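Undergrad: What follows is a single structure, and I will ask about it in a moment.
Residue numbers (our numbering), protein chains in the order written: chain A, 54 to 166; chain D, 13 to 126.
Here you go:
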């Protein structure tokens with residue numbers, strides 16, 4: 054059974070801090086790892102990672118994948134209150150043409166002013 | 013604008029009642045998905061469909077049913093057989109495999125038991 058574990062489950066920081074969110078996985082026929090940000094409603098897409106060691110960046114957010122050790126990290130630098138959200142990690146496995154995602158339970162990030 | 017529309021935003025169900033959640037997309041995506049999210053938990057797959065008139069069970073399909081009569085629409089029925097239906101339901105869509113495009117999500121429907 055495919056499995057995704059995120060840590061920590063929750064995190065409280067002050068504005069300006071840097072945070073690192075972790076995601077480890079066990080999956081058969083790995084295809085990609087995705088990070089989403091969820092603020093009350095629809096998860097919004099952040100990154101898709103398919104290759105080890107290649108950092109993806111978008112503003113203050115960055116992410117990297119290690120396919121040998123089966124984990125990924127999401128970094129947020131100079132955090133702002135608007136970064137407060139649940140961050141979801143999901144792993145996509147190849148299964149014919151279907152694109153099934155297995156999600157972790159998420160990390161609840163709270164950024165205090 | 014292209015996107016996924018879920019309705020209603022909030023839904024209340026009485027004991028023994030079936031209810032249907034709507035999901036419509038105008039992204040021209042082939043695949044559509046239904047997930048359930050419980051407090052403090054990640055998303056769990058209920059059903060998915062890769063093509064019109066075809067769909068497959070996900071990890072927690074018991075007590076749910078779906079149909080895919082049109083490419084744009086993938087309604088989910090929560091039947092009376094689902095004993096714990098209170099949850100946040102999310103619909104998603106995507107291009108089929110072979111693409112690096114992610115699944116896109118609707119804004120969800122919150123279902124509660126009266």
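No residue lacks a Cβ here, since even glycine has one placed at the ideal position from N, Cα and C. Keep in mind that this is a model prediction, so the values were computed, not measured.
#1: Taking the alpha-carbon positions, what's the residue 120 of chain D to residue 128 of chain A distance?
#2: Going by C-alpha distance, which of A/121, A/158, A/164 is nearest residue 57 of chain A?
#3: Buried or exposed: where does residue 101 of chain D fall if 16 or more other Cβ atoms within 10 Å of its Cβ makes it buried?
#4: Buried or exposed: which applies to residue 22 of chain D, given that a residue is buried once 16 or more other Cβ atoms fall within 10 Å of its Cβ?
#5: Identify every run of the beta strand (DSSP E) within the stretch 63-99 of chain D, keeping only runs that are complete inside it and at least 3 residues long; order them along the chain.
#6: When burial is assigned at 16 or more other CB atoms within 10 Å of the CB, is residue 16 of chain D buried or exposed?
#7: Note down, in chain order, each residue of its chain lying with its Cβ closer than 8 angstroms to the Cβ of residue 105 of chain A, except the 5 sequence neighbours on either side.
#8: Return the chain-ordered list of same chain residues with a C-beta closer than 6 angstroms to the C-beta of residue 78 of chain D, the five sequence neighbours on each side being excluded.
#9: Can you name, in chain order, every residue of its own chain whose Cβ lies under 7 angstroms from the Cβ of residue 113 of chain A, other than the five neighbours on each side?
TA: If we stick to the structure as given:
#1: Taken atom to atom, the span from the alpha-carbon of residue 120 of chain D to that of residue 128 of chain A is near 27 angstroms.
#2: Closest option to residue 57 of chain A, Cα to Cα, is A/158.
#3: By the neighbour-count criterion, in which a residue is buried when 16 or more other Cβ atoms sit within 10 angstroms of its Cβ, residue 101 of chain D is buried.
#4: Around the Cβ of residue 22 of chain D, a 10 Å sphere holds fewer than 16 other Cβ atoms; the residue is exposed.
#5: As far as the stretch 63-99 of chain D is concerned, its whole beta strand (DSSP E) runs of at least 3 residues are 66-69, 76-78, 88-90.
#6: Residue 16 of chain D is buried by the Cβ-count criterion.
#7: Excluding sequence neighbours, residue 105 of chain A sits near 118, 119, 120, 121.
#8: Excluding residues within five positions, the ones whose Cβ falls inside 6 angstroms are 59, 67, 88.
#9: Excluding sequence neighbours, residue 113 of chain A sits near 129, 130, 131.
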